Amino acid sequence: MAKKEHREKRLKFSTQRNIFTYTILIFGVILSLVPFVWMISTSLMNLGEALGTAFFPSEIHFENYTEAWRRADFTEYFVNSILITIITLVGQLTFSILAAYAFARMEFPGRDLIFSVMLSTMMIPAMVFTIPNFLTVTWLGRISPINWINNWPSLTIPFMGSVFSIFMLKQFFAQVPDELYDAAQMDGAGHFRFLIQVVLPLSKAPLMVILVLSFIGTWNSLAWPMLVTNTPDWRPISVGLMSFVTEAGQEINLTMAGAFITILPILIIYFFTQKQFTESIARSGLKG
Amino acid sequence: MENKNSLKDIFTGRSGRKIKEVITAYAFIAPATILIFIFGIFPVGFAIYVSLHKWRIKRGDFIHLRNYVNAIGNLAYVVVFFLGIGALIGMYFFVKEILKMARENDEKPWLTIIPGIVFAATTVAFFRWFYSALPEVLGIADKLRGLERTQNVFMQLLREALRSETVLPTWRTFLWLFLASLVVGGVVYRLWRNKRTMTYQSNFALAFLALGAGVGLIYYTFERVGAAYTEAFETGTDPGIWPQFISITAGVILLALAWILWSRAPKRDSKGGFLLHILAAAALLVGAWLLIAEIPTIVASGDKDLWEGLKVTVFFSLGTVPWQLAIGLFLAVLLFQKVPGSNLFRILYFIPYVTPGIASAAVFQQMFSNRQSAPVNMFLSFLGMKPQQWLFEPRGIMTILGDTLSFNVPNWAAGPSLALMVIIIHNIWTYVGYDTVIYLAGLGNISKEMTDSAEVDGANRWQVFRHIIFPLLSPTTYFLSLIAIIGTFKAFNTIWIFRSNLALGTTDTFSISIFIEFFEKLRYGYASALAFILFGIIIFLSFINNKTQGSKVFYG
């Protein structure tokens with residue numbers, strides 16, 4: 000009798016607790032998503048309404064998107080950003096995979112020393128690199144046959160050697176069992192073939208994360224592109240959005256449309272990869 | 000019979016395969032390593048070089064520590080002096096390591112001192128050559144102007160640059176020392192066959208390098224201070240460096256002493272422990288007093304913008320990090336109860352973190368607009384409060400709060416400006432989801448048995464959290480706080496978007512001030528010096544974080 004009462008009490012208590020938990024969790028979701036809702040709804044208003052107090056548009060103005068796209072020249076900036084991302088990623092992935100494999104699975108003198116020197120550079124704030132790298136890139140542009148400033152090399156080549164990617168892939172490659180390598184070696188495969196045919200197909204998850212993180216990084220970079228470009232020719236979307244926000248000023252329905260256009264590709268990629276993404280982030284965080 | 004000379008044979012057999020593997024490995028790491036060297040390691044040395052020059056777009060005179068003195072006043076000398084002391088302490092540790100190894104293996108490694116010295120000298124010679132060649136190589140770009148940019152022309156100019164009369168002697172010295180170190184190292188290795196020879200040699204080399212760096216830096220400090228005095232006497236002023244130097248040094252030493260005494264003091268209330276605590280407290284008080292008495296003079300002699308930027312950055316850090324961690328932990332604990340749909344919540348919370356900061360900043364800019372009809376101002380008037388200027392408001396939040404309550408707040412208590420508050424809110428909003436995900440992973444690593452057994456023993460939920468879950472999460476908390484603090488010191492993109500002239504620089508953090516010096520005022524040398532000061536502060540904060548939190552981190 001008393002036992003049953005106790006259980007009922009407990010049950011009641013846990014429903015109460017669940018309601019409390021849900022209230023807070025939903026409140027949190029509202030706080031994190033309100034800016035997005037407001038952005039989308041404002042981007043569909045006409046100017047008068049956008050500057051007014053309404054939270055939802057009375058009629059939907061999709062033409063804001065075409066207008067923002069045209070005025071901000073997003074076609075050019077999108078093409079630039081995508082090209083920059085692709086060039087950076089191809090280089091970064093190739094170089095990082097090779098280096099990470101060597102650091103994880105091969106023996107050579109100076110391995111630990113080189114790797115720890117590389118890791119120590121992750122502590123240094125970007126501002127220390129920015130000025131000398133700008134001078135280096137200018138110098139390289141003045142001595143080499145192709146231009147570096149206002150051109151793709153300055154926006155991509157410095158980012159092809161990524162300590163973070165090497166570190167992350169190395170952690171993963173080191174976990175591949177040695178038996179697999181022995182078996183491959185029996186079949187006459189060397190390191191390179193083992194890497195391409197066995198290790199890479201096993202490492203889809205970390206590769207995906209590096210892909211997404213580099214994509215976000217390129218999409219987000221502002222200071223460096225501002226430095227090394229002074230014409231729209233190779234300027235990425237971040238700089239494009241910034242100048243559009245300054246230029247369009249009070250036409251906030253258009254700036255919000257522009258912001259949403261910038262966010263959308265990232266959101267799509269995030270929703271497709273979110274499982275590997277959050278898990279790898281969590282794992283990398285715990286390794287510290 | 001046996002043809003050992005054929006090239007093919009080198010790559011077969013056991014040792015041959017080893018050589019082949021080493022060559023393959025170097026080929027694998029070469030592209031990434033070269034790029035990381037050019038754009039990640041070389042720039043540090045280059046930035047030091049730039050920061051010691053007057054450099055506005057073009058390189059000007061070599062001005063020693065002037066940029067640093069302009070930024071942080073006479074503190075610059077003290078810092079260089081302590082870098083020297085730090086190098087000497089480093090030498091002490093290397094020597095200790097050597098002695099320990101020698102004792103453990105019962106050996107007398109004194110012969111390896113010779114190659115150690117030669118290695119250290121070679122390293123110094125390399126840097127000497129590097130810094131003498133740098134301006135000549137940089138000058139190639141100017142000589143190429145108007146010429147055709149072909150490989151031949153470039154190689155010829157490079158040869159000229161490396162053979163110029165300032166570079167060639169340093170190159171020769173380096174080359175001779177390099178050969179000497181090969182010979183001496185090899186000979187010692189022959190004479191004293193031991194598998195630890197190389198370790199001894201490199202440890203001795205590092206010890207001598209540290210000794211050289213330490214003595215060099217300390218000598219340089221005194222030489223520079225002397226030069227500053229000579230310069231000041233010519234204009235008939237007293238720079239007052241020595242008194243400042245002595246009191247700051249004494250203050251820092253006393254603080255370090257207080258720290259050592261306090262941590263050495265036994266925990267229980269013995270007489271000796273009590274005495275040590277008293278001593279530590281005394282050292283702390285005197286040291287702190289010395290520093291507090293000196294700081295206003297340093298601030299007055301240094302760059303005002305820099306101290307202002309530092310203050311803004313500290314507000315930004317203190318305003319973001321604790322809140323972000325607390326909210327993240329709270330949400331993670333709620334989500335961890337396995338409520339249905341917790342995965343969906345996790346996905347949604349993470350969205351702000353992946354959103355491009357520039358775009359979300361543009362949205363926040365409009366939500367926190369100064370228009371009466373902007374969402375946040377609407378919300379304020381709904382609560383019956385006055386609309387605010389937000390990003391255009393340079394006044395501190397405490398001042399504004401005082402105004403609404405008709406209460407006068409003194410200037411020093413003004414707090415972060417309202418404009419900075421918007422940036423703080425945006426930063427918290429961005430990173431809460433990230434912290435939640437990492438905390439969730441940390442919670443997943445705590446064994447269920449431990450919390451269950453505590454519950455069986457009658458602990459309530461809060462007690463379980465306070466005494467079991469929270470301590471076991473300390474590695475995660477440590478990691479997240481370190482990342483977050485460093486992140487606030489590095490933050491640039493979003494603040495640059497939020498920045499408005501009407502906020503009168505109250506949102507310009509240290510990183511922003513550096514970028515303005517570089518990008519708008521074109522003072523490359525000074526901006527590089529500021530960047531190194533930022534680097535120093537980040538290292539110092541990581542060290543403090545490590546000492547205060549790291550000792551309490553509990554790896555279950």
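Sequences listed follow chains A and B, in order. Here numbering that gives the first Met the number 0 is used: the first residue of the first sequence is 0, the next is one more, and so on. Here numbering that gives the first Met the number 0 is used: the first residue of the second sequence is 0, the next is one more, and so on. Idealized CB from N, CA, C, for every residue including glycine. Please read all numbers here as calculations on a predicted model, not as lab measurements.
Asked: Residues of the region 416-429 of chain B with Cβ closer than 8 Å to any Cβ of chain A, in chain order; Found: Trp428
Asked: C-beta contact flag for Ser164(A) and Gln91(A) at 8 Å; Found: yes
Asked: Leu285(A) at chain B interface by Cβ criterion, 8 Å; Found: Reliability of the predicted coordinates at Leu285(A) is poor, the pLDDT of 47 falling under 50, and no value is obtained from them.
Asked: 7 Å Cβ cut-off: residues of chain B touching Ser95(A); Found: Ala31
Asked: 8 Å Cβ cut-off: residues of chain A touching Phe80(B); Found: Near Phe80(B) there are no residues of chain A at all, since even the closest Cβ is about 22 Å away, more than 8 Å.
Asked: Reference Leu134(A), options Ile437(B), Ile88(B), Asp304(B), Arg58(B), closest by Cα; Found: Arg58(B)
Asked: Identified DSSP bridge partners for Ser416(B); Found: Gly395(B)
Asked: Closest Cα partner of Gly89(B) within the set Leu174(B), Val166(B), Leu210(B); Found: Leu210(B)
Asked: Where Arg141(A) meets chain B, residues with beta-carbon distance less than 7 Å; Found: Ala140, Leu143
Asked: Start-to-end residues for the beta strand (DSSP E) that takes in Arg57(B); Found: For the record, residue 57(B) in the displayed sequence is Lys; it is not Arg. Looking at the DSSP string, the run of the beta strand (DSSP E) that includes Lys57(B) is 57-61.
Asked: Beta-carbon contacts of Val298(B) that lie in its chain and below 6 Å, excluding the five residues immediately before and after; Found: Trp306
Asked: Cβ separation of Leu74(B) and Phe61(B), assumed to be a contact under 8 Å, to the nearest whole Å; Found: With a Cβ gap of about 21 Å, Leu74(B) and Phe61(B) do not count as contacting.
Asked: is_contact[Pro34(A), chain B] using C-beta, thresh 8 Å; Found: yes
Asked: Residues near Gly184(B) in its chain [Cβ-Cβ closer than 7 Å; skip 5 each side]; Found: Pro114, Gln200
Asked: Helix, strand or coil at His60(A) [DSSP, three-state]; Found: coil
Asked: Closer than 8 Å to chain A by CB, Trp495(B); Found: yes
Asked: DSSP state of Lys53(B) mapped onto helix, strand, coil; Found: strand
Asked: Pro168(B) - DSSP class collapsed to helix/strand/coil; Found: helix
Asked: Assigned exposure category for Glu516(B) - 16 Cβ within 10 Å defines buried; Found: buried
Asked: Cβ shell of Thr355(A) (< 7 Å), same chain only, five flanking positions each side left out; Found: Outside the modelled stretch of chain A, which goes from 0 to 287, sits residue 355(A), for which no answer is possible.
Asked: Sequence-distant residues of its chain with Cβ nearer than 7 Å to Leu179(A) (five each side left out); Found: Val197
Asked: Environment of His190(A) [buried if 16+ CB atoms lie within 10 Å]; Found: buried
Asked: Chain B within 8 Å of Val227(A), Cβ atoms only; Found: no
Asked: CB contact below 8 Å: Gly216(A) versus chain B; Found: no
Asked: Beta-carbon neighbours of Pro134(B), restricted to chain A and to distances below 8 Å; Found: Within 8 Å Cβ-Cβ: nothing; Pro134(B) doesn't reach chain A, min ~12 Å.
Asked: Pair within 8 Å by beta-carbon distance, Trp389(B) and Leu417(B); Found: yes
Asked: Residue interval of the alpha helix (DSSP H) (run including Phe378(B)); Found: 374-381
Asked: Of the listed residues Thr121(B), Ala29(B), Ala204(B), nearest to Arg171(B) (C-alpha basis); Found: Thr121(B)
Asked: Rounded separation between Tyr269(A) and Phe77(A) - CA only; Found: 18 Å
Asked: Assigned exposure category for His425(B) - 16 Cβ within 10 Å defines buried; Found: buried
Asked: C-beta neighbour in chain A for Ser359(B), strict 8 Å; Found: yes
Asked: Same chain, Cβ closer than 7 Å to Ser180(B), neighbours up to 5 away in sequence not counted; Found: Pro114, Val117, Phe118, Thr121
Asked: Continuous alpha helix (DSSP H) stretch holding Leu181(A): start and end; Found: In the sequence as displayed, the identity of residue 181(A) is Asp instead of Leu. Here the alpha helix (DSSP H) through Asp181(A) covers 177-185.
Asked: Minimum Cβ-Cβ distance from Pro114(B) to chain A less than 8 Å; Found: no
Asked: Contacting positions in the region 493-520 of chain B - beta carbon closer than 8 Å to chain A; Found: Trp495, Ile496, Ser510, Ile513, Phe514, Phe517, Phe518
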